[in-house]
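Enquirer:
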Amino acid sequence: MRFLFLLFLTSQVLAAPKPVRLASPDGQLVFTFRLTDTAPTYRVDFGKKPVVGESELTMTFAETGRFGAGLLLEKPIFRDVDESYNLAVGKANPVRNHCREVTLPMVERAGNHRKINLIVRAYDDGVAFRYEFPEQPGWKNFTLTDEQTTCRLAGNPTLHTLFRPNFITSHEGIYDTLPLSAIKADTLMDVPTLVEWPQENLFVGITEAALVDYAGLYLTKRNGVLTSQLSPLPNGNGAIVKATLPHRSP
Numbered sequence: 003m004r005f006l007f008l009l010f011l012t013s014q015v016l017a018a019p020k021p022v023r024l025a026s027p028d029g030q031l032v033f034t035f036r037l038t039d040t041a042p043t044y045r046v047d048f049g050k051k052p053v054v055g056e057s058e059l060t061m062t063f064a065e066t067g068r069f070g071a072g073l074l075l076e077k078p079i080f081r082d083v084d085e086s087y088n089l090a091v092g093k094a095n096p097v098r099n100h101c102r103e104v105t106l107p108m109v110e111r112a113g114n115h116r117k118i119n120l121i122v123r124a125y126d127d128g129v130a131f132r133y134e135f136p137e138q139p140g141w142k143n144f145t146l147t148d149e150q151t152t153c154r155l156a157g158n159p160t161l162h163t164l165f166r167p168n169f170i171t172s173h174e175g176i177y178d179t180l181p182l183s184a185i186k187a188d189t190l191m192d193v194p195t196l197v198e199w200p201q202e203n204l205f206v207g208i209t210e211a212a213l214v215d216y217a218g219l220y221l222t223k224r225n226g227v228l229t230s231q232l233s234p235l236p237n238g239n240g241a242i243v244k245a246t247l248p249h250r251s252p
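Residue numbers (our numbering): 3 to 252.
(1) DSSP three-state label for S57, please.
(2) If you scan the stretch 57-133 from start to end, which runs of the beta strand (DSSP E) of 3 or more residues do you find wholly inside it?
(3) F63: buried (16+ other C-beta within 10 angstroms of its C-beta) or exposed?
(4) Of the choices Y87, P136, F131, whose alpha-carbon is the least far from that of V109?
(5) Quick check: what's the CA-CA separation for R250 versus P27?
(6) Once you ignore the five residues that flank T105 on each side, which residues in its own chain have a CB closer than 6 Å to its CB?
(7) What's the gap between the Cα of N114 and the Cα of W141?
(8) Which term fits I284, buried or exposed, when burial requires 16 or more other beta carbons within 10 angstroms of its beta carbon?
(9) Return helix, strand or coil for L11, following the three-state DSSP convention.
(10) What's the C-alpha gap between T160 and V197?
(11) Below 8 Å on the Cβ atoms is my guess for A112 versus G72; work out the distance and round it to an integer in Å.
(12) Would you call the stretch 209-218 and the stretch 239-250 in contact, with 3 or more CB pairs under 8 Å?
(13) How is the beta strand (DSSP E) around K244 delimited, first residue to last?
(14) May I have the straight-line CA-CA distance separating E56 from R116, to the nearest angstrom?
(15) Based on Cα-Cα distance, which residue from H173, T151, V227 lies nearest to S183?
(16) Say whether the stretch 193-207 touches the stretch 160-172, bearing in mind that this needs 3 or more beta-carbon pairs closer than 8 Å, one atom from each stretch.
(17) Quick one, which of Y87, E174, F205 has its alpha-carbon nearest V193's?
(18) Between the C-alpha atoms of T34 and V129, what's the straight-line distance to the nearest angstrom?
(19) Could you check how far apart the C-beta atoms of T151 and S230 are, in whole angstroms? I think they sit under 8 Å.
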């Protein structure tokens, strides 16, 4: 991708940072990020209505433990992305990639002082984010054992999802349609999963892109909240991802 220019500048590093807000080019989709004492959190609003309530983002590593509490947010970097590219095949050519982006550098205040960037993009029709593990002193590689990317859906929407008995799957089958409240806890769901708010005439698809040298995404429900469930490495003794820095997630 090609970054065109710097769009916003925020104030200097803050000990207790204010929420960071990223809006789509048309202003309808808004991603809001903030740090709490226990974890980074985000929320998503569409047309000033909540779609995803405040949801935590944490990770656990075999070597260095949990990443989430006691973090410092360095200066966010905002960019505007507006580029075009051609597809080898397809009905739409050229394709326009137009969004606003922010890089949120999160650093541990104590301990190992690990740094992980959250890179967020807001499009007119969706929001995407990924974790980035930049090169840094004292942290050369990692073994990820748990990723808890949560999604606290507003209300009790209807889910169109594909339940799976385990991680060995063809990703094919008959989708079930049922309210979020009716889904049993710790049941494995495949992506894409479609979420529907019938009264709002709103649909949201949850999926992933750019899956390279990382674990595939599934969803499960824990305490009423959709939570990422990454596929484990075969015979990995609990490991999900093994990587050398720099690295990044889908």
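Where a beta carbon is used, it is the ideal one built from N, C-alpha and C, also for glycine. Please read all numbers here as calculations on a predicted model, not as lab measurements.
Expert: This is what the structure holds:
(1) strand
(2) 67-69, 73-75, 79-87, 97-110, 117-125
(3) buried
(4) P136
(5) 25 Å
(6) I79, N119, I121
(7) 8 Å
(8) The shown model of the chain, from 3 to 252, leaves out residue 284, and the question about it has no answer.
(9) Confidence at L11 is low in this model, with a pLDDT of 36, below 50, so the placement of that residue is unreliable and no value is reported for it.
(10) 6 Å
(11) 6 Å
(12) yes
(13) 243-246
(14) 24 Å
(15) V227
(16) yes
(17) E174
(18) 11 Å
(19) 4 Å
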